[in-house]
Structure formats: C-alpha cells, structure tokens
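**Q** Mapping to the numbering used here: the sequence shown position 42 is 222, numbers consecutive. Note that CB positions come from ideal geometry on N, CA and C, so glycine has one too. The structure presented is a predicted model; accordingly, all values stated were derived computationally and were not measured. Take this structure, written in structure tokens, and hold onto it; I'll ask about it next.
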Amino acid sequence: MSASSPQVTVLYFAAASTATGLSFERVSIPADSAPFRLSALASLLASRHAGTSLGKVLEGSQWSVDAEMVDDPKDVVLNGGEEVAVIPPVSGG
Numbered sequence: 181m182s183a184s185s186p187q188v189t190v191l192y193f194a195a196a197s198t199a200t201g202l203s204f205e206r207v208s209i210p211a212d213s214a215p216f217r218l219s220a221l222a223s224l225l226a227s228r229h230a231g232t233s234l235g236k237v238l239e240g241s242q243w244s245v246d247a248e249m250v251d252d253p254k255d256v257v258l259n260g261g262e263e264v265a266v267i268p269p270v271s272g273g
C-alpha cells in the first residue's frame with residue numbers, strides 16, 4: 181500500500197463494530213478498481229475481516245457517506261477522503 185493511495189475512513193456502529201472490534205478504520209481504495217463504487221466496499225471490508233460476522237452484518241446494513249444517507253450504493257463513487265458509515269439494522273421493542 182503506497183502512502184498516496186486514496187483512502188476512505190469507515191465508521192463502524194453496533195453489530196459492525198462488534199464484528200470488527202473497531203469503531204473505525206482507514207481503507208485504501210484499490211488502484212485497479214476505478215471507479216470504486218460504494219457497493220464494492222462491502223466485499224472489500226468482508227475480505228479484510230474474514231472469519232468474522234461482518235459480511236453478514238453488511239448484507240442488512242445501510243450506508244452513509246459524509247453524513248448523508250445513501251439510497252443506492254451502486255450510484256456512489258468513492259474517490260478517497262470520504263467518511264463512510266456502516267449502519268447496521270437496529271432492533272426495537
């Protein structure tokens with residue numbers, strides 16, 4: 181990973197934080213994947229945290245980019261510098 185690789189900051193909440201043991205991490209955008217869509221981030225994160233429940237958590241999660249909720253992750257291109265939040269489903273009662 182080169183220091184000049186564009187990165188996003190991923191914020192983990194609730195079950196995503198529990199699965200990773202992290203509240204956030206910086207993730208480099210793969211150089212060979214331009215444009216890098218938000219929809220591709222889930223598989224990248226799941227592979228970074230193989231052996232955890234993160235992949236399952238991400239299947240039902242919503243996303244926000246720079247504090248704005250995302251309707252369709254396929255429509256969002258990440259260029260680096262963004263703050264991406266993983267928002268798992270919350271059970272109520």
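For Leu-224, I'd like the list of residues in its chain whose CB is within less than 8 angstroms of its CB, leaving aside the five on either flank, ordered along the chain.
**A** Val-207 and Pro-210
**Q** Give, in chain order, every unbroken run of the alpha helix (DSSP H) that is at least 4 residues long and sits entirely within the segment 206–265.
**A** 218–228 and 234–239
**Q** Which residues does DSSP pair with Thr-189 in a beta bridge?
**A** Note: Thr-189 sits in a beta bridge opposite Arg-206 and Glu-263.
**Q** Use the C-beta contact count for Thr-200: other C-beta atoms within 10 angstroms, 16 or more gives buried, fewer gives exposed.
**A** The Cβ neighbour count for Thr-200, taken over all protein chains shown within 10 Å, is at least 16; the residue is labelled buried.
**Q** Which one of Val-188, Tyr-192, Ser-219 and Ile-267 has the shortest CA to CA distance from Ser-249?
**A** Here the sequence assigns Met to residue 249, which means Ser is not the residue at that position. That would be Ile-267, whose Cα lies nearest to the Cα of Met-249.
**Q** Using the C-alpha atoms, what's the distance from Pro-186 back to Val-257?
**A** 13 angstroms
**Q** May I ask you to report which of helix, strand or coil DSSP gives Ser-197?
**A** helix
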